[in-house]
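Comments concern the structure below.
In the numbering used here, the protein residues as written are -2 to 78.
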């Protein structure tokens, strides 16, 4: 994990209900998506103000722009041990 990625995780990891984060990048196009995981819908919604500040600061610092923010419920999950 890069120093920048670690800084982002440090910012969000103390937000109540935070469970994890994925940063997905298509290196050919430069398109990136961040997926954060929360205990439940309530903690996700409660985090939105702080998450918006973190997103804006990070995008500005990295010269990126936020195109959209979407919310999904996990319908199914399976990770290999």
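Where is the CB? At the ideal position from N, CA and C, for every residue including glycine.
Run the CB neighbour count on residue i, radius 10 Å, all protein chains shown included, and call it buried at 16 or more, exposed below.
{"i": "residue 74", "result": "exposed"}
{"i": "residue 69", "result": "exposed"}
{"i": "residue 44", "result": "buried"}
{"i": "residue 63", "result": "exposed"}
Identify, in the order they occur along the chain, each residue of the same chain with its Cβ nearer than 7 Å to the Cβ of residue i, setting aside the five sequence neighbours on each side.
{"i": "residue 46", "result": "none"}
Using 8 Å as the threshold, is the C-beta distance between residue i and residue j below it?
{"i": "residue 78", "j": "residue 40", "result": "no"}
Helix or strand or just coil, what does DSSP make of residue i?
{"i": "residue 26", "result": "coil"}
{"i": "residue 76", "result": "coil"}
Please go through the same chain and pick out, in chain order, the residues whose beta-carbon is closer than 6 Å to the beta-carbon of residue i, but skip the five residues on each side of it.
{"i": "residue 34", "result": "16 and 17"}
contact_flag[the region 43 to 51, the region 17 to 30] where n(CB pairs < 8 Å) is 3 or more: The region 17 to 30 and the region 43 to 51 do not touch, with fewer than three beta-carbon pairs separated by less than 8 Å.
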